[in-house]
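Residue numbers (my numbering): 1 to 367.
Glycine is no exception: its CB is placed at the ideal position from the N, C-alpha and C atoms.
One structure is given below, encoded as structure tokens.
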Amino acid sequence: MPDGTRIIPPPIAMLAELTHRCPLSCPYCSNPLDLAQRESELSAEEWSEIFRQAAALGVLQVHLSGGEPASRRDLEVIVAAARGAGLYANLITSGIGLTADRIAALVTAGVDHVQLSVQGTTPATADRVGGYRGGFARKMAAAEALAAAGVALTLNAVMHRHNLGELPEVFDLAERLGARRVEVACVQFQGWALENRAVLQPTREQVEEAKRLVAEARAQRRGRLVIDFVPPDYYADLPKACMGGWGSTGLNIAPDGSVLPCHAAQTIPGMRFANVKDTPLEEIWYRGPAFAAFRGTDWMPEPCRSCDRREVDFGGCRCQALAVLGDASAPDPVCRRTPGRARLDLLLAAEGNGPGLEAARWRRIGG
Ligand code: SF4
Ligand code: FES
1 MPDGTRIIPP
11 PIAMLAELTH
21 RCPLSCPYCS
31 NPLDLAQRES
41 ELSAEEWSEI
51 FRQAAALGVL
61 QVHLSGGEPA
71 SRRDLEVIVA
81 AARGAGLYAN
91 LITSGIGLTA
101 DRIAALVTAG
111 VDHVQLSVQG
121 TTPATADRVG
131 GYRGGFARKM
141 AAAEALAAAG
151 VALTLNAVMH
161 RHNLGELPEV
171 FDLAERLGAR
181 RVEVACVQFQ
191 GWALENRAVL
201 QPTREQVEEA
211 KRLVAEARAQ
221 RRGRLVIDFV
231 PPDYYADLPK
241 ACMGGWGSTG
251 LNIAPDGSVL
261 PCHAAQTIPG
271 MRFANVKDTP
281 LEEIWYRGPA
291 FAAFRGTDWM
301 PEPCRSCDRR
311 EVDFGGCRCQ
321 ALAVLGDASA
331 PDPVCRRTPG
341 RARLDLLLAA
351 EGNGPGLEAA
361 RWRRIGG
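Now the structure itself:
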């Protein structure tokens, strides 16, 4: 649709944050510090209307996330509504709360795919990071039930200084659980993870070793396991196109119905977000001020404005620029072509060998 100067493509994917409630309290959580309370959550009927509008807008797939989406008793109703709107329904879950009966109900509702997160590969490490004793055993039971129900499974693992050494075991676990794909992402420092950056920041040696192990595993497990690896931003030389470019391919709906260009956009001072409860999704996507703020290249400062990568990475991540430089309109400080990189190098030098996990601030609703 024209915005006067360029064609804005429709979104392809939508992240639906059904709730911020979660039985786990991982310190690497990217949810905001000010977690949404249960009373503010959208109803299943409201989600159903959002899915209908999203499909009409062009969205093809919805990622049902949280918090822990299974914390909602009406998750099955929400999944059925997504499928009813013609969307591919991917459930991103910790597995806690997914009993065999619940999984059967989700299959009946039409869930297409499940991404199951693990915080480690043993009860000791996983339960410590997740802050939930017995959590690992419950995840394994959920994984078995998912396999028995024939649900397509991806294993998700967020890696940081305290579990990167378990990388080969993550690949083994994925195969043992019958996953065809494993998504290993190093912590993105937003929300609670940003609070815990010094605790979680991997060392450069760990990152190099992780890259080597990933390359080795890809060769050894070809045809059995697809390995997606997201290395830590801070050790890269050039940024990624966060969200594929602001307002270009995807959008997030917060538990209260606020529509966000990315999951951390609420950290940007002064940015106002429309709510699907009172504004049509199409209006928000094509004409909402939050989506227009950093869309395309017109907003860019130098050196991005005259850089040959400006339509490759779109200046990187706005929320990372804010978190590190205090300015969401600055180039991503990961970029070595920009002056902000010096600040990131200082941070890495200071935090690359920071305190132990006991110093972490565990995620909690209500602070
Ligand atoms: Fe990307 Fe800007 Fe760096 Fe160029 S200068 S690579 S556009 S962040
Ligand atoms: Fe907000 Fe990257 S997380 S732009």
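| query | Beta carbon of Pro69, beta carbon of Leu116: below 7 Å? | reply | no
| task | Taking 7 Å as the cut-off, decide whether the C-beta atoms of Glu183 and Thr154 are in contact. | result | yes
| said: If you follow the alpha helix (DSSP H) that Thr108 is in, where does it begin and where does it stop? | reply: 100–109
| query | Using the beta carbon as the reference atom, which residues fall closer than 6 Å to any heavy atom of the ligand SF4, ordered along the chain? | reply | Leu238, Pro239, Pro303, Cys304, Cys307, Arg309, Arg310, Asp313, Gly315, Gly316, Pro331, Asp332, Cys335, Arg337, Thr338
| Is the beta carbon of Cys242 within less than 6 Å of some heavy atom of the ligand FES? | yes
| query | Going by the C-beta, is Cys319 closer than 6 Å to any heavy atom of the ligand FES? | reply | yes
| query | Who does Val129 pair with in a DSSP beta bridge? | reply | Val129 is not bridged to any residue.
| said: Buried or exposed for Pro232, going by 16 or more other Cβ atoms inside 10 Å? | reply: buried
| task | With DSSP as the reference, label Ala328 as helix, strand or coil. | result | coil
| query | Does the ligand FES have even one heavy atom less than 6 Å from the beta-carbon of Cys186? | reply | no
| said: With H, G and I counted as helix, E and B as strand and the rest as coil, what does DSSP make of Met271? | reply: coil
| message | Within 8 Å, do at least three Cβ pairs link the segment 117–126 to the segment 96–109? | response | no
| From Gly178, Pro331, Glu283, residue whose alpha carbon lies closest to that of Ala56 | Glu283
| message | To the nearest angstrom, how far is the alpha carbon of Leu42 from that of Glu209? | response | 43 Å
| message | If contacts are defined as beta-carbon pairs under 8 Å, then Ala64 and Ala89 qualify, I think. What distance do you get, rounded to the angstrom? | response | Looking at the sequence provided, one finds Leu at residue 64 rather than Ala. 6 Å between Cβ atoms; contact.
| field | Cβ neighbours of Thr376 in the same chain (closer than 8 Å, five flanking residues each side left out) | value | Because the chain in this structure spans residues 1 to 367, residue 376 falls outside the shown range and cannot be described.
| task | Express the C-alpha separation of Phe294 and Arg181 in angstroms, rounding to a whole number. | result | 33 Å
| said: Going by DSSP in three states, Gly178 sits in which element: helix, strand or coil? | reply: coil
| task | For my contact list, Val111 and Leu91 are in at a C-beta cut-off of 8 Å; report their separation, rounded to the angstrom. | result | 5 Å
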